[in-house]
Amino acid sequence: MYKMIRQFTFHHPKEIIQPTFWLFFSQAFSILPAILAYMAVYILGQAFSPPFTLDLPLLIKIAAIGLGYVVLQYIVELVSYYNTYGRAYNDTADKRIAYIQKLRRQPLGFFSSRESGELISSFASDFANVEYTMCYWLPYPIGVGLLLLVSFLCMAFFDWRMAAAIFTMLPVCAVLMLRIAKVKEKHSRQVMEAKTKAATQLNEYLHGMKDLKAYHHTGSGFDALEKAFSDLREVSLRDEAVTGSLSTLCASLIKFIVPVTAAAGLYLLMGGSLTVLDFAGFLVLATKMTEPALTLVSSITALRGMALSGERLDKVMTTPDPSGTEEISHGERYKFDGVSFHYTGGRDVIHDVTLHTPAGALTALVGPSGSGKSTLLRLMARFWDYQDGHIRMEGKELRSITPESLLAQVSMVMQNAYLFRGTIRENLCFGNESITEQQMMEACQKAQCHDFISALPEDYDTVVGEGGATLSGGERQRISLARAFLKNVPILLLDEPTASLDADNEAMVQKALDDIAKERTVVMIAHRLKTVRNAEQILVLEDGRITQKGTHSQLVGMDGLYSRLWDLQSQAGNYTFKQS
Ligand SMILES: Nc1ncnc2c1ncn2[C@@H]1O[C@H](COP(=O)(O)OP(=O)(O)OP(=O)(O)O)[C@@H](O)[C@H]1O
Numbered sequence: 040m041y042k043m044i045r046q047f048t049f050h051h052p053k054e055i056i057q058p059t060f061w062l063f064f065s066q067a068f069s070i071l072p073a074i075l076a077y078m079a080v081y082i083l084g085q086a087f088s089p090p091f092t093l094d095l096p097l098l099i100k101i102a103a104i105g106l107g108y109v110v111l112q113y114i115v116e117l118v119s120y121y122n123t124y125g126r127a128y129n130d131t132a133d134k135r136i137a138y139i140q141k142l143r144r145q146p147l148g149f150f151s152s153r154e155s156g157e158l159i160s161s162f163a164s165d166f167a168n169v170e171y172t173m174c175y176w177l178p179y180p181i182g183v184g185l186l187l188l189v190s191f192l193c194m195a196f197f198d199w200r201m202a203a204a205i206f207t208m209l210p211v212c213a214v215l216m217l218r219i220a221k222v223k224e225k226h227s228r229q230v231m232e233a234k235t236k237a238a239t240q241l242n243e244y245l246h247g248m249k250d251l252k253a254y255h256h257t258g259s260g261f262d263a264l265e266k267a268f269s270d271l272r273e274v275s276l277r278d279e280a281v282t283g284s285l286s287t288l289c290a291s292l293i294k295f296i297v298p299v300t301a302a303a304g305l306y307l308l309m310g311g312s313l314t315v316l317d318f319a320g321f322l323v324l325a326t327k328m329t330e331p332a333l334t335l336v337s338s339i340t341a342l343r344g345m346a347l348s349g350e351r352l353d354k355v356m357t358t359p360d361p362s363g364t365e366e367i368s369h370g371e372r373y374k375f376d377g378v379s380f381h382y383t384g385g386r387d388v389i390h391d392v393t394l395h396t397p398a399g400a401l402t403a404l405v406g407p408s409g410s411g412k413s414t415l416l417r418l419m420a421r422f423w424d425y426q427d428g429h430i431r432m433e434g435k436e437l438r439s440i441t442p443e444s445l446l447a448q449v450s451m452v453m454q455n456a457y458l459f460r461g462t463i464r465e466n467l468c469f470g471n472e473s474i475t476e477q478q479m480m481e482a483c484q485k486a487q488c489h490d491f492i493s494a495l496p497e498d499y500d501t502v503v504g505e506g507g508a509t510l511s512g513g514e515r516q517r518i519s520l521a522r523a524f525l526k527n528v529p530i531l532l533l534d535e536p537t538a539s540l541d542a543d544n545e546a547m548v549q550k551a552l553d554d555i556a557k558e559r560t561v562v563m564i565a566h567r568l569k570t571v572r573n574a575e576q577i578l579v580l581e582d583g584r585i586t587q588k589g590t591h592s593q594l595v596g597m598d599g600l601y602s603r604l605w606d607l608q609s610q611a612g613n614y615t616f617k618q619s
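Read in order, the letters of the sequence shown correspond to residues 40 to 619 in my numbering.
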């Protein structure tokens, strides 16, 4: 139980104290009418039995308290609601933000080791479960359990036999409910896993829709999704059928509290060891005990059903953040020394790489598809951490630098540029209010996107769809390049920035890149060798190893992959490594 409290409170177990107290208090308060009724029956009863006296002032006081109770109960419920539900919703909103911040700090390896649906369904359903659990399923068993214990002690003080009669059904149901809880947990796990699979399939189906349509496979591609949904329906129905029927049985058993109390009371009444008034009073209390007892036993089952949500969130929240505490104020050079790297669970894709990128110059990475060029850029941005060797920036080990501080030195343009839903201006300035109109336009002119943006109906205020869906690949890439130019940082990492451009635009963007490389360090992946002819150094990668290094004129004069492919590309015009 304590483990669950820690998981659901993100390791702040004290959060549960306040809702539990208020639930206990409001539940205890709800018993007051039963106690008042018992007292009233007792006072009235005395008028009909020797010495036949009626304590009218006390009866009036009880009636007044009863009337006041209606108003007080409203206030107590209101305060209790605020301190349970209100707090749970507030705290969960903070937890959602903490969760996203945690994800933000994680390297890319964290995301690729998970199914895409896991985080989506975790975010969609686990946090809803946190809300329920924090305001209901955790405080209820604690608060109501405490209340039942106090009630039992008070009743036992008056008559332990009747107290025992009222509470006999509780242990029976609790044992049964604990067994049901285990079954529930197993089924809930299956339901959640099925939900995750369905979310992953749906995500894949929607993302792959373009390709599925292109290959006329929207039907067969749908089969896997349909199966995931039908599996989900099956496990959900099984969960409801098994745990639902067992819980109903338990709820019915709990209702036996009243008949059992009545039977025990009658037995004692006939034996002369219980008065009619005490019998009536305990019967009233027994009816009031049914509801909290039912809540207690059913919340035990529900709580077990929520366990997986707490575990899943806790697993993410307790993942260690990337290492590194050092800050770097200005970095413009990388130095690789015997670096090797493999993706999670895979073979080495970078082998013993040693290189350095001169400041204020263009370093080009060329090589066949799959040779590890993009991986090298990812290592430079610390999207992944290398396993062997050293990467240093200005003498500092990359792994010891905080990712935020490192990324403040670096701007990156990926192969598939992603634009966010919003205006082109928002995408370019990306929350940097200090960028002027003039700077924005200059960057777009350099990246050869100003003209096509100006021709759009709302020019820079034109809204682009999610991912930049309303623009062509080349347009997205140029906007992304302009965005990189606007982020005034010493290092630019470019993964084929001219891949989607036509020959004219390519030449112009190339010119801009050559100019930029005079003032910043640029590391650029290129498949078209003519785009990197002016590079200060060209590194040729083959199967994760640097096999050649030099300037264009040095490399074309050497026997090796570069000169072979240069000849091929020169003959074939736009022939590229990728197509080879
Ligand atoms: N996230 C990943 N998880 C596991 N393996 C990966 C991952 N990304 C790339 N790889 C593997 O690492 C190797 C190098 O890939 P990388 O993308 O760095 O090559 P590249 O030279 O940039 O290729 P391209 O020119 O086609 O973009 C490949 O064998 C690839 O399959």
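Built from N, CA and C at the ideal position, the CB exists for glycine as well.
H429 - containing alpha helix (DSSP H), residue span: Premise fails: H429 lies in the beta strand (DSSP E), D427 to M432, not in any alpha helix (DSSP H).
Determine contact between the region 169-185 and the region 51-67, defined as no fewer than three beta-carbon pairs at a distance below 8 Å. yes
Are N573 and L458 touching if we call contact CB-CB under 9 Å? no
Using a Cβ-based criterion (distance less than 8 Å to any ligand heavy atom), does S379 qualify as near ligand 1? no
Nearest-angstrom Cβ-Cβ length linking Q516 and L540, presumed shorter than 8 Å: 7 Å
With respect to the beta strand (DSSP E) encompassing V230, which residues constitute its N-terminal and C-terminal limits? Taken as a continuous stretch (DSSP letters only), V230 belongs to no beta strand (DSSP E), being part of the alpha helix (DSSP H) at M208 to H246.
Among all the DSSP beta bridges, which residues are the ones paired with H395? K374
Looking at T402 and ligand 1, is the gap between the Cβ and the nearest heavy atom below 8 Å? no
Which residues in the same chain as K223 place their Cβ atom closer than 6 Å to its Cβ, once the five residues preceding and following it in sequence are excluded? T282, T340, R343 and G344
Assuming A76 and L187 make a contact with CB atoms under 8 Å, what is their CB distance in whole Å? At roughly 19 Å, the Cβ-Cβ gap does not stay under 8 Å, so A76 and L187 are not in contact.
Helix, strand or coil for T586 per DSSP? strand
Could you tell me the alpha carbon to alpha carbon distance between K569 and S609, rounded to whole angstroms? 9 Å
Touch check for the region 578-587 and the region 390-409: three-plus C-beta pairs under 8 Å? yes
Provide the residue span of the alpha helix (DSSP H) that contains V528, from first to last. Premise fails: V528 is in no alpha helix (DSSP H) and is neither H nor E.
Using only alpha-carbon positions, find the residue among S190, A565 and L215 that is nearest to F63. S190
Quick check: the Cα distance between Y614 and N168, rounded to an integer number of angstroms? Model confidence at Y614 stands at a pLDDT of 45, short of 50, so the residue's coordinates are unreliable; what they give is reported in the following sentence. Rounded to whole angstroms, Y614 to N168 spans 55 Å at the Cα level.
Looking at the structure shown, is S450 part of a helix, part of a strand, or coil, going by DSSP? strand
What residue does the alpha helix (DSSP H) around E170 start on, and which one ends it? F166 to Y171
According to the Cβ coordinates, are A486 and L520 closer than 9 Å? yes
Take K53 and list the residues in its own chain whose beta-carbon comes closer than 7 Å to its own, dropping the five residues that flank it on each side. none
Quick check: what's the CA-CA separation for T537 versus G434? 32 Å
Thinking C-alpha only, which one of L352, S161, M328 and G304 is nearest A319? G304
Distance between H395 and L510 (C-alpha atoms, nearest Å): 37 Å
Within the continuous beta strand (DSSP E) that includes M563, where are the two ends? T560 to I564
According to DSSP, G461 sits in a beta bridge with which residue or residues? V503
Classify I219 as buried or exposed, calling it buried when 16 or more other Cβ atoms lie within 10 Å of its own Cβ. buried
Near V80, which residues of its chain fall below 8 Å by C-beta distance, leaving aside the five closest residues on each side in sequence? L316, A319, G320 and V323
As assigned by DSSP and simplified to three states, the class of M328: helix
Proximity of Y358 and Q145 at Cβ, strictly below 9 Å: The question names Tyr, but residue 358 in the sequence shown is Thr. Closer than 9 Å, so yes.
Classify G370 as buried or exposed, calling it buried when 16 or more other Cβ atoms lie within 10 Å of its own Cβ. buried
For ligand 1, I want to know if Y113 counts as a neighbour, meaning its beta carbon is within less than 8 Å of at least one of the ligand's heavy atoms. no
Could you check the C-alpha separation between S164 and A263 for me, to the nearest Å? 22 Å
Is K435 a contact residue of ligand 1, with contact defined as CB to any heavy atom under 8 Å? no
Going by the C-beta, is T586 closer than 8 Å to any heavy atom of ligand 1? no
List the whole-angstrom C-beta distance separating C212 from C289, where the pair is believed to meet the contact cut-off of C-beta under 8 Å. 5 Å
Looking at the unbroken alpha helix (DSSP H) that takes in T300, where does it start and where does it end? I296 to M309
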